[in-house]
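Enquirer: I'd like to ask you about the structure that follows.
Numbering (this note's numbering), first residue to last: 3 to 42.
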């Protein structure tokens, strides 16, 4: 993802749905969201 604003809101939405979310920023400035379903 190129846009930090979109990444932030997508991260919040995934967290609300019960996912564990990690945001990584690459050297070229792009953002990668990694979502893992939370274990109960």
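Note that the Cβ used here is the ideal one computed from N, Cα and C, for glycine as well.
What would DSSP say about residue 39, mapped onto helix, strand or coil?
Expert: DSSP places residue 39 in strand when its eight states are reduced to three.
Enquirer: Return the CA-CA distance between residue 30 and residue 16, expressed in angstroms with no decimal places.
Expert: In a straight line, the C-alpha of residue 30 is about 24 Å away from that of residue 16.
Enquirer: Note down the Cα distance separating residue 27 from residue 12, rounded to an integer number of angstroms.
Expert: Their backbone Cα atoms lie some 15 Å apart in a straight line.
Enquirer: On a Cα-Cα basis, can you pick out the residue from 37, 14, 41 that is closest to residue 24?
Expert: It is 37.
Enquirer: Using 8 Å for Cβ pairs, my map puts residue 20 next to residue 39. What's the rounded Cβ distance?
Expert: Right, the Cβ-Cβ distance comes to about 7 Å (below 8 Å), so this counts as a contact.
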